[in-house]
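Novice: If you're matching positions, the sequence shown starts at -9 in the working numbering and goes up one per residue.
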Amino acid sequence: MGKFIVIEGPDGTGKSTVINGLKETLPKDLKVKYFREPGGSYVGEKIRNILLDNDTVIEPETEALLFAAMRCENYSMLKKDLPKYDLIIADRFLPSSIAYQGGGLALGMERVEDLNDFCLHGYRPDLTIYLMLDFKEGLRRIERERGFDRLEMRNESFHHAVFRGYEKLSRGRNSKVVNAAMNKDKVLEEVRQYILDLIKEEEA
-9 MGKFIVIEGP
1 DGTGKSTVIN
11 GLKETLPKDL
21 KVKYFREPGG
31 SYVGEKIRNI
41 LLDNDTVIEP
51 ETEALLFAAM
61 RCENYSMLKK
71 DLPKYDLIIA
81 DRFLPSSIAY
91 QGGGLALGME
101 RVEDLNDFCL
111 HGYRPDLTIY
121 LMLDFKEGLR
131 RIERERGFDR
141 LEMRNESFHH
151 AVFRGYEKLS
161 RGRNSKVVNA
171 AMNKDKVLEE
181 VRQYILDLIK
191 EEEA
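(1) If you draw a straight line from the alpha carbon of ALA80 to that of LEU12, how long is it in whole angstroms?
(2) Which residue or residues does DSSP assign as beta-bridge partners of GLU63?
(3) Are the CB atoms of MET122 and CYS3 within a distance shorter than 8 Å?
(4) Does the beta carbon of GLY29 sit closer than 8 Å to a beta carbon anywhere in chain B?
(5) Relative to the C-alpha of TYR156, which candidate in ILE132, LYS(-7), MET60 and ARG82 has its C-alpha closest?
(6) Give me the residue from LEU42, LEU68 and SER87 with the minimum Cα distance to VAL152.
(7) On the criterion of 16 or more Cβ atoms from any shown chain inside 10 Å, does ASP175 qualify as buried, or is it exposed?
(8) Going by DSSP, what residue range makes up the beta strand (DSSP E) through LYS166?
(9) So for LEU77, helix, strand or coil by DSSP?
(10) Decide yes or no for the touch test of the segment 177 to 189 against the segment 32 to 52: beta carbon pairs closer than 8 Å, at least 3 of them.
(11) Could you pull the DSSP bridge partners for ILE(-5) from this structure?
(12) Which ranges does the beta strand (DSSP E) cover as unbroken runs of at least 3 residues, wholly within the segment -3 to 29, from first to last along the chain?
(13) Note down, in chain order, each residue of its chain lying with its Cβ closer than 7 Å to the Cβ of GLU133, except the 5 sequence neighbours on either side.
(14) When you compare only the Cα positions, how much space is there between ASN39 and GLU191?
(15) Helix, strand or coil: how does DSSP classify MET99 here?
(16) Spatial neighbours of THR118 within its chain, please: CB distance less than 7 Å, with the 5 preceding and 5 following residues excluded, ordered by chain position.
(17) Is the Cβ-Cβ distance between GLU53 and GLN91 less than 8 Å?
Okay, structure coming up:
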C-alpha cells in the first residue's frame, strides 16, 4: 500500500513550486502520482472552475459543500490508486477546507472537518507538510508573480484567520512544518527529506 502525502499552507507559500521540484528530484524508481485541490478528478476540475472564477458569487456554506463534494471524488480515487503507487502527493487536501472555510469564512473548523468526514470517514494522510509563511508576505508574492484568483482576493482579516487556522492544524498528528521564507532550494530539500524519512520508516 502506498503512502499519501499532502503539501499544505496558506496562499503564496510555494506549494506548486515544491510539487514541481519533487517531480524532478524524488528517486526515479518510486512510482508517484500527483493531484491538486481544488481539482484532482474530472468532477473536481469542474468544481475548481466554479470556485476560482472571479465572477462566481456563492455563500460560504455552498463553497464548503463544493469542496467537500470534490474531496469525495478524490477519496474514491485514493482508495483505488494507493495500492498501485508508492506515493500519492497532493497539492492541498482537507486542511485547506478547515483553514479556509472553517477559519477564514468562520464556519467553524470542527464543523467543516465533520462535513468532510461524511465522505472521508476519518481517513487522514500519512504525512502532511505545512509550508508556513507570514500571510502578508504570501499575498505579496502572489501579487508580484501572477495576480489573485477569487479565493485569494479576500480581505486581510480573512487571510489572517486562515493563517491562524493553519498554525493550529500544523501541530496535529503526522504533521511537519517547513519555513517557506527560506530560499526555494532549501524549502524543497527539507520537504523532500521528510518524504524520504517516511519511506525509510516504512522499510525499517
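We put the beta carbon where it would ideally sit given N, CA and C, even for glycine.
Specialist: Straight from the coordinates:
(1) 11 Å
(2) Its beta-bridge partners do not exist; DSSP assigns none.
(3) For the record, residue 3 in the displayed sequence is Thr; it is not Cys. Their beta carbons are under 8 Å apart, which means THR3 touches MET122 by this criterion.
(4) Absent here is chain B; the protein component of the structure consists of one chain.
(5) ARG82
(6) SER87
(7) With a 10 Å radius around the Cβ and a threshold of 16 neighbouring Cβ atoms, ASP175 comes out exposed.
(8) Judged by DSSP secondary structure, LYS166 falls within the beta strand (DSSP E) whose first and last residues are 165 to 169.
(9) strand
(10) no
(11) Residue pairing by DSSP places ILE(-5) opposite ILE79 and LEU117 in a beta bridge.
(12) 22 to 26
(13) none
(14) 38 Å
(15) Helix at MET99.
(16) VAL(-4), GLU(-2), PRO85, ASN164 and SER165
(17) yes
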